[in-house]
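The block underneath contains the structure these notes are about, expressed in structure tokens.
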Amino acid sequence: MHARPKEASKQVDKSGTGEMPRGRDVGKRRSRPLDPTICASDAVSRPEDKVSEELSDFAVKGFEYLDLVGLRLRHRGPFSQASRGSEAPNAVIHVTSSLRFQPEIKSSKMVSFKNVFLLATAVVASVLTRDASKVLTELQVVNGDAVALTAAITVFKGSIPGGIAIRNSQAKLHKDLQTATTVAKSAGPADVADARRVLGYILTVLEPAIKVVLRIIRDKKAVFDKAGFGVLPLLKEVQTDTAALGLALLANTLSAVADDAKAVLLRIEADLAATIKLFS
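Next up, the structure:
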């Protein structure tokens, strides 16, 4: 029996050029850019594996592509024959007016302007919220001082120790009002939500506390006069401090709600002025 001659090993054209590799190029992969003649209708009519094979001819390791609108190219992950396990840029495929595929290389190192803008916006918002919170904290301290001063005046019966307690309470209020003013000056303008939060605290807590202490001072006028306790200098100092704080708040933290804030600050100023007039 004659031995059947061995069949010559078939060489497969993987380049898509229609030519067989020669010489040293045998077994080596040839790469070429995507054939611009591949159009959408052509891609749809061919099997997905065939389209993927042609796309793989220009694939670089780690490339991924998006699903094309209206096309049945739903491969997830690298192009056919792309690298395994390595990361690389994304390849975004655009469908042009002629419905031809055009690869656009988008480096993973490129920074998205939109992302930078959103990050910067978030950082700024965070800073402004933090500034508003600092101002609110200082106002809470001032409110505590007003409550303490109210307590000291309430129990005052004309004694020297009682007078010293009032002066000490007013001195702390003076110091903390100045601190709050410094913080308010350094704070940036708050957004509407934070501004309303600070204004809400002034309306519901701080303004009522100031009204109470001024009312008790007026009610105690006879006691102060009999003891010879000088209330007027203390009141004028508080008036100066609150005016400075109000201006700082209007220029920064409360600028977004300036009209409402002015109304509150004017009421406080009017109450102080009336009390000062009583003792003048």
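In this note's numbering, the protein residues as written are 92 to 371.
Just so you know, even glycine gets a beta-carbon here, dropped at the ideal spot from N, CA and C.
Separation of residue j from residue i, as counted between CA atoms
| i | j | result |
| --- | --- | --- |
| residue 363 | residue 330 | 6 Å |
| residue 352 | residue 338 | 10 Å |
| residue 274 | residue 280 | 12 Å |
| residue 269 | residue 336 | 7 Å |
| residue 296 | residue 316 | 30 Å |
| residue 287 | residue 345 | 8 Å |
| residue 282 | residue 347 | 6 Å |
| residue 366 | residue 285 | 32 Å |
| residue 200 | residue 277 | Interpretation of residue 200 is limited by its pLDDT of 49, a score under 50 that renders its predicted location unreliable; no figure is taken from the coordinates. |
| residue 294 | residue 267 | 19 Å |
| residue 355 | residue 255 | 31 Å |
| residue 332 | residue 221 | 24 Å |
| residue 361 | residue 231 | 22 Å |
| residue 371 | residue 251 | 22 Å |
Buried versus exposed call for residue i [16 or more other C-beta atoms within 10 Å across all chains shown]
| i | result |
| --- | --- |
| residue 319 | exposed |
| residue 323 | exposed |
| residue 91 | It is not possible to answer for residue 91, since the shown part of the chain is limited to 92 through 371. |
| residue 228 | exposed |
| residue 259 | exposed |
| residue 223 | buried |
| residue 368 | exposed |
| residue 240 | buried |
Reduced DSSP secondary structure (H/G/I, E/B, other) of residue i
| i | result |
| --- | --- |
| residue 345 | coil |
| residue 40 | No answer is possible for residue 40: it lies beyond the span of the chain, which begins at 92 and ends at 371. |
| residue 319 | coil |
| residue 361 | helix |
| residue 278 | coil |
| residue 350 | helix |
Element boundaries [alpha helix (DSSP H), containing residue i]
| i | result |
| --- | --- |
| residue 250 | First-last for residue 250: undefined, no H or E at that position. |
| residue 282 | Careful: residue 282 lies outside any alpha helix (DSSP H) and carries neither H nor E. |
| residue 304 | 298-310 |
Is it the case that the stretch 235-247 contacts the stretch 300-313, given that we only count it when at least three CB pairs across the two stretches are under 8 Å? yes
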